[in-house]
Amino acid sequence: LSHVHSSHKCFFLKLLLPSKTSTLAKDSLKTSLLELECHFTWNLKLENSDLEGLKGRLSEQNNFSLERNQVVSYGLLAFIHHLEGNNEETLINLGKSEEIVRKNFEQQFEKRILITYGNYAWVYYNMDKLQETKAYLDKIEAICKKFPHATRYSVQIPEVLGEKGWTLMKFSGTFYKESMQCFQKALEMDPNEVEWNSGYAIVLFRLEGFREEWLLRKQCNSVIYLKRVLELDPEDSMAMVLLGIKLAEKKQQVEAVKLVEKALEKSPSHPQILRYAAVFHRKHGSLESCLELLDKALRLTPSSSFVHHQIALCLKRKVQNTQTEADRNQLIKDCIFHLEKVKECQPSHHTAHIFLAEMFVMSQQYEKAEEIYNYLLDSERVSEIDKQQVHFDYGCLELYHKKCK
Numbered sequence: 002l003s004h005v006h007s008s009h010k011c012f013f014l015k016l017l018l019p020s021k022t023s024t025l026a027k028d029s030l031k032t033s034l035l036e037l038e039c040h041f042t043w044n045l046k047l048e049n050s051d052l053e054g055l056k057g058r059l060s061e062q063n064n065f066s067l068e069r070n071q072v073v074s075y076g077l078l079a080f081i082h083h084l085e086g087n088n089e090e091t092l093i094n095l096g097k098s099e100e101i102v103r104k105n106f107e108q109q110f111e112k113r114i115l116i117t118y119g120n121y122a123w124v125y126y127n128m129d130k131l132q133e134t135k136a137y138l139d140k141i142e143a144i145c146k147k148f149p150h151a152t153r154y155s156v157q158i159p160e161v162l163g164e165k166g167w168t169l170m171k172f173s174g175t176f177y178k179e180s181m182q183c184f185q186k187a188l189e190m191d192p193n194e195v196e197w198n199s200g201y202a203i204v205l206f207r208l209e210g211f212r213e214e215w216l217l218r219k220q221c222n223s224v225i226y227l228k229r230v231l232e233l234d235p236e237d238s239m240a241m242v243l244l245g246i247k248l249a250e251k252k253q254q255v256e257a258v259k260l261v262e263k264a265l266e267k268s269p270s271h272p273q274i275l276r277y278a279a280v281f282h283r284k285h286g287s288l289e290s291c292l293e294l295l296d297k298a299l300r301l302t303p304s305s306s307f308v309h310h311q312i313a314l315c316l317k318r319k320v321q322n323t324q325t326e327a328d329r330n331q332l333i334k335d336c337i338f339h340l341e342k343v344k345e346c347q348p349s350h351h352t353a354h355i356f357l358a359e360m361f362v363m364s365q366q367y368e369k370a371e372e373i374y375n376y377l378l379d380s381e382r383v384s385e386i387d388k389q390q391v392h393f394d395y396g397c398l399e400l401y402h403k404k405c406k
């Protein structure tokens, strides 16, 4: 009996031991994975972005972007698919990212592939494919050994910092400051690389457009860096159109117009160039020219929340300048249509929600306006500045339209 009891004990120990060993191995791998520089360690939270809208924008960008930006877009698409539990699409997109790096960055392959390899390692780990996880960690370690200041699984080089900067910028506006810091570090190491200069200039341009960033505008000037991009690459149409917008703000209208026209000549069918050229015309040129450009951009990218929002802004201007009630009502109706599209494509665009409520008030649809105001005030994701605007607009609705005592 003692022999039988001993045999049973050994049998159960054998059953338990592999599980314990497997757990220890997985914990050890997790420690290594946390050292990586990749999407899984950058604190990219679901609540910071509208994933469906972001997927649409990334897919659209892949049809029109340079190869370097496609690497970023496919990497981010892979991460989003993983968050949604679709590992098949995750691996397909990581494969596309790796293919582009191999094809277009042969001389820089090892520097450019580190983040993609890191994402592979994390995906396989979450799929419980630990051998594959270890294989990618080994590849990363072998590359890192070639850099004197690297840790075992990560290295701070311009290629890694730059890809991180682009990724954070694309993911959400809440990461713009961190994106800016990544490009700053990349430029300290490699000041003449157009890619890092371009990323830095664009993120500064976007930050300067935030109402909360008025202090930053006094400290940084995107004009300097947009000019620097054009020194390094005179054919960069994105830098041209953004610089045109900034120069127009500084009342340098002649030079601004030349830059925007040149950008359109070089990239007549690039949605982002069309959009920014439209912004220029809405603010500093012809409203009809703006709508013409936006219509062209919308045909190329029908789900673009940016384009729908810009069209709505133009229509609002036309409402203010329209005399007949019938025309005015039709313009308001069209404006509401485009703002509903923004809400559908990008639910986190709270400024567009406020704008939509304003249009509902203008069309005397007060209950719909109230519904939006209450939603925004109850949401934890709406900034205090936006909530302040909501309180003001809601108060005006009660005071002037509902005759609240």
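According to my numbering, the stretch in the sequence shown is residues 2 to 406, in order.
Here a beta-carbon is modelled for each residue, glycine too, at the ideal position from N, C-alpha and C.
Keep in mind it's a predicted model, so treat the numbers as computed, not measured.
Take residue i and list the residues in its own chain whose beta-carbon comes closer than 8 Å to its own, dropping the five residues that flank it on each side.
i      : result
Asp237 : Val195, Ser199, Val230, Leu231
Gln390 : Ile355
Taking a contact to mean a Cβ-Cβ separation below 8 Å, would you say residue i touches residue j in this structure?
i      : j      : result
Leu45  : Phe80  : yes
Val242 : Ala278 : yes
Lys147 : Glu38  : no
His402 : Tyr367 : yes
Gly57  : Ser364 : no
Gln347 : Ser290 : no
Asn193 : Leu233 : yes
For residue i, I'd like the list of residues in its chain whose CB is within less than 6 Å of its CB, leaving aside the five on either flank, ordered along the chain.
i      : result
Ala313 : Cys336, His339, Leu340
Ser349 : Asp51
Leu244 : Leu227, Leu260
Phe41  : Trp123
His285 : Ala249
Lys342 : His309
Lys369 : Phe361
Leu169 : Phe176, Glu179, Ser180
Trp215 : Any reading at Trp215 must be qualified, since the residue scores a pLDDT of 49, below 50, and its modelled position is unreliable; no value is offered.
Lys319 : Leu332
Just mark residue i as buried or exposed, buried being the case when its beta carbon has 16 or more other beta carbons within 10 Å.
i      : result
Asn222 : exposed
Arg276 : buried
Lys259 : exposed
Thr32  : exposed
Asn70  : buried
Lys27  : exposed
Asn120 : buried
Ser86  : Note that residue 86 corresponds to Gly in the displayed sequence, not to Ser. Gly86 is exposed by the Cβ-count criterion.
Thr134 : buried
Thr24  : exposed
What residue from the options has the CA that sits closest to residue i's CA?
i      : options                        : result
Pro159 : Tyr125, Arg113, Thr117, His350 : Arg113
Phe184 : Ser173, Thr175, Gly174, Trp167 : Trp167
Ile93  : Phe110, Tyr75, Arg103, Val102  : Tyr75
Ser270 : Leu301, Leu35, Cys145, Ile386  : Leu301
Met239 : Gly86, Glu250, Tyr226          : Tyr226
Ser287 : Phe393, Leu316, Ala136         : Leu316
Ile101 : Tyr137, Thr352, Asn63, Ala136  : Asn63
Ala257 : Leu265, Thr175, Leu34, Ile246  : Ile246
Trp197 : Gly174, Leu162, Arg207, Lys263 : Leu162
Gln253 : Val224, Gln324, Val156         : Val224
Cys145 : Phe356, Leu138, Tyr154         : Tyr154
Looking only at its chain, what residues have a beta carbon closer than 7 Å to the beta carbon of residue i, apart from the 5 residues adjacent to it on each side?
i      : result
Leu294 : Leu275, Ala278, Ala279, His282
His354 : Lys344, Ile373, Leu377
Thr91  : Ala79, His82, His83, Val124
His351 : Leu377, Val383, Asp387
Lys263 : Met241
Our contact map puts residue i next to residue j with C-beta atoms below 8 Å; I'd like the distance itself, whole angstroms only.
i      : j      : result
Leu30  : Tyr126 : 6 Å
Leu205 : Met190 : About 19 Å separates the two Cβ atoms, so there is no contact after all.
Leu398 : Val362 : 6 Å
Any beta carbon of chain D sitting closer than 8 Å to that of residue i?
i     : result
His40 : Protein chains in the displayed structure number just one, and chain D is not present.
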